[in-house]
Amino acid sequence: MKQIFEGIYTDGKSIYTKNLIVGKKVYKEKLIQKNGNEYREWDPYRSKYCAGIKKGLNKSIFYEGCTAIYLGSAEGTTVSHVSDIIGKKGAVFCIDISEIAMNKLTQLAEDRENIYPILSDAQLTENYEEYFTQKADCLFQDISQRNQADIFVRNSKFLKKGGLGALALKTKSISQSESKENILDYELEILKKEFEILQTIPLDPYEKHHYLILMKKK
Numbered sequence: 002m003k004q005i006f007e008g009i010y011t012d013g014k015s016i017y018t019k020n021l022i023v024g025k026k027v028y029k030e031k032l033i034q035k036n037g038n039e040y041r042e043w044d045p046y047r048s049k050y051c052a053g054i055k056k057g058l059n060k061s062i063f064y065e066g067c068t069a070i071y072l073g074s075a076e077g078t079t080v081s082h083v084s085d086i087i088g089k090k091g092a093v094f095c096i097d098i099s100e101i102a103m104n105k106l107t108q109l110a111e112d113r114e115n116i117y118p119i120l121s122d123a124q125l126t127e128n129y130e131e132y133f134t135q136k137a138d139c140l141f142q143d144i145s146q147r148n149q150a151d152i153f154v155r156n157s158k159f160l161k162k163g164g165l166g167a168l169a170l171k172t173k174s175i176s177q178s179e180s181k182e183n184i185l186d187y188e189l190e191i192l193k194k195e196f197e198i199l200q201t202i203p204l205d206p207y208e209k210h211h212y213l214i215l216m217k218k219k
């Protein structure tokens, strides 16, 4: 098993994280034992961040002990792998508007104590700013809204200067008629107000009409 980023591994074919809760699966993923450790296979068809890794992401925003903000956490598939990466000394604050998704995420947080579910609209930052008296180390977003870049920039006030961010951009949620390249260019201009763009990755074949944008806060 080869480490490709801190807390992220590959066997040359699949991507894995070291299981924080040994013996427990989250979404029927494969568990494998190697060198006295248990690893969870990370499915790039179910995780845009993992898809980005498979497509050549050159730097991971998550690391052991970091404080992460996750906008659009859904039921916690990717969050569970972030939980593995950041470990028991880290924290991932998960914001989602869906009560159904939040119920499942809350169940996940019962085992994984580094997960902090927050039921809120990610556009209404005043609803959860009390959680961020100190700046977060990294920011991730996966939200299907028209104003995706605007939401990301709005939440960047919680991210430390020089902190890394990653946005899973769904172009079809912004426009059905405009080309994905034009949409990307427009959204990048919004992001450049607060961020230096480090890398832009098309996520096909894992996700159609998606990009993963890696950034650093100015």
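Every number in our numbering is 1 more than the matching position in the sequence shown, counting from 1.
C-beta: ideal position from N, C-alpha, C; glycine also.
Measuring alpha carbon to alpha carbon, tell me which of ILE87, LYS161, SER81 ends up nearest GLU111. SER81
For THR172, which residues of its own chain have a beta-carbon under 6 Å away from its beta-carbon, when the five flanking residues on both sides are left out? The answer, listed in chain order, is LYS181, ILE184, HIS210.
When the distance is taken between beta carbons, is LYS31 closer than 8 Å to SER169? For the sequence presented, residue 169 should be read as Ala rather than Ser. Between ALA169 and LYS31, the CB-CB gap reaches or exceeds 8 Å.
Would a C-beta distance cut-off of 8 Å place PHE159 and ALA137 closer than the cut-off? yes
Where CYS139 and GLY166 are concerned, what is the direct C-alpha to C-alpha distance, given to the nearest angstrom? 5 Å
Going by Cα to Cα distance, which pick from ASN59, THR201, ILE22, TYR71 is closest to VAL93? TYR71
Could you pull out every unbroken alpha helix (DSSP H) segment of at least 4 residues lying fully inside the segment 87-139, listed in chain order? 100-112
Within this structure, are the beta carbons of GLU65 and GLU7 separated by less than 8 Å? yes
Which partner residues of LEU213 appear in the DSSP bridge assignment? ALA169, ILE202
Pick out whichever of LEU192, TRP43, THR79 has its Cα sitting closest to the Cα of TYR10. TRP43
How big is the Cα-Cα spacing for ASP151 and ILE33? 40 Å
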